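The sequence shown begins at 16 in the working numbering and counts up one residue at a time. For glycine and all other residues, C-beta sits at the position ideal for the given N, C-alpha and C. Computed from a predicted structure; not experimentally measured.
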Amino acid sequence: MPRPRRRTGATLVATAMLGVLALGAGPVLAQHQPGTTTYEIHVTPGPTGSVDVRVRFAPPLATAGMVLYFSHPQAEAGDGRMPVIVEARTADGNPLSVEATGGNRFRVSPGGSNGVTVDYRLPRPPSLWDPSTWPGAGLHSVHSGDLVYLSGKDAFVLADGLENRPAAVIFRLPDGWRAVRVDGDVVAPDQTVPVEDVQASAFLLGPFHVARYPVPGGELTLLLPPKPPYEPGQLAWSLQALLDQISRHGLGAQPPRLTFALARYPGALQLNPFIASKIAGKATIVHWIGTGSLTWWRKHAARDIVALLLHRQFRFAPDASWFSAGLQAYAGLLLLFETGFLTVDDMYQSLRAIYSTGLHYSGPAWPSLVLAGMEVPPGHASQRVLEFRAPLVMWLLDIAIRAASKGQASVLDLWARLAQTNAPASTLHTAAVLAPLAEWADLAGFAQDFIYSSRLPPADFDQLFQQWIDWNSR
């Protein structure tokens, strides 16, 4: 590493990071091809571990200097949510000055015509799973326990004028760790990975065991922690059965490669039964798990598979946000019930919870489902309506469809009709979502009462549940 120097501007002393980058870093970064910008990722595991990046901008470069920036626009230097630039130098080891110029931009000067190397450290978010949920966030990368989700949106620094250059990534990981490209393959140790779009790239890093299984229309990949709480075979069987049921209903094309990554909460939080999830890329789902049962995990898995498929198939206009929100919560339960993973008693308890929470956010004091989706930015009332009342209305809609069709159709058939009659990524408004209902009956009154208005649902839950069970048995 270069000799110590005086830091200026936003450049901070970080001896620990420099030591990390020096250990096992090997020779100067190899370029994938002339002019390639190369990112070398170093991971130190453990509760106080770090993710450090060394990037080399290859020549030719302007001798007057360069402007670096991170793409997430809402982070400010020094607020703990932006990578810390530790050092910049020429290829000869001569130190360069790094100055914060406002927002997420830094100026490195003078330049280095024969190449510039920059070292920086990624922040560790206080959130355990998805820092994009922070107020005013914009971050996507996660470092939690023995899992690193690395998103190019905030992990890879860019340089003004050099964004269109070819780029590559190489990983220096702890023993037993693997790097897996989101929606892609396992990266071989010390492999230089070409990256076509730095900002769209994403990687999962951790001590994974990789298992692959056939599923309808493609392949399922499981990325498992060293001590998974569930048997891998049970996980695969559960997902295979769910995807098979989805295929039988004709609910649109499934991704040819679906990846599920399971990570354990760090430390004592492993006693937490709550499951946090993140959909990464186009066909990768990440779950942080603690002590929850296999049935509890299946509910989360089914919900996230439904969410992933809906995102692949449609774009819902704001006034139709309720349909996506409600279907994610309800359709997953329905699919689990149809595959036998949930019993009648399980469904009673699950639907009772949906009914109770949805009832709390129903009535004239709350916005309709349509209006809740159209509020920008969404307020507290709109968020609660979409999160809690939309699943209840989806269940009521399912009962109405079953009654109108004499048990021959369900809300899953409505989803299937939408998938069959709309081009992929079509934008759907509420009117288009409800149009296929005419195949079974005139449900305009239902839509007016529960979708365009905020009518209270029927008061007798047990009667509703019995009606739903009766139609299910036909």
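DSSP places ASP259 in the helix class (H, G or I) of the three-state scheme.
According to the DSSP assignment, VAL400 belongs to no beta strand (DSSP E), since it is labelled neither H nor E. Taking C-alpha positions only, ALA346 is separated from GLY176 by approximately 47 Å. Check the Cα spacing between SER377 and each of ALA215, SER469 and THR52: the tightest is with SER469. Contact between the segment 107 to 120 and the segment 194 to 204 is not established, with fewer than three Cβ pairs separated by less than 8 Å. In terms of Cα proximity to SER166, the closest of LEU449, ILE294, PRO406 and GLN364 is ILE294.
With a cutoff of 9 Å on beta-carbon distance, GLN214 and SER86 are scored as near each other.
The C-beta separation of ILE304 from PRO244 comes to about 6 Å, placing the pair in contact by the 8 Å criterion. By the Cβ-count criterion, GLU102 is buried, with 16 or more other Cβ atoms from all chains shown falling within 10 Å of its own Cβ. Counting only runs of 4+ residues, the alpha helix (DSSP H) found wholly inside the segment 161 to 236 occupies 167 to 170, in chain order. In the DSSP assignment, TRP303 falls within the beta strand (DSSP E) that extends over 299 to 304. For the segment 407 to 456, the continuous alpha helix (DSSP H) assignments of 4+ residues that do not extend past its boundaries occur at 426 to 436 and 445 to 449, in sequence order. DSSP, reduced to helix, strand and coil, places PHE331 within a strand of the structure shown.
Straight across, the Cα-Cα distance linking ASP169 with ASP161 is about 20 Å. In this structure, the CA atom of ALA317 is about 22 Å from the CA atom of TYR164.
The Cβ atoms of GLY191 and PRO229 lie no closer than 9 Å to each other.
If you draw a straight line from the Cα of LEU257 to the Cα of PHE352, it comes to about 10 Å.
Rounded to the nearest angstrom, the gap between the Cα atoms of LEU452 and THR306 is 41 Å.
Ranked by how close their Cα comes to the Cα of VAL400, the residues PRO181, ALA424, GLY50 and TYR370 have TYR370 in first place.
Rounded to whole angstroms, the gap between the alpha carbons of ARG120 and ASP212 is 20 Å. Beta-bridge partners of HIS155 (DSSP): none assigned. Taken in chain order, the complete alpha helix (DSSP H) segments of 4 or more residues contained in the segment 315 to 401 are 336 to 354, 359 to 375, 384 to 389 and 395 to 399. If you check the CB distance, PRO333 and VAL408 do not come in under 9 Å.
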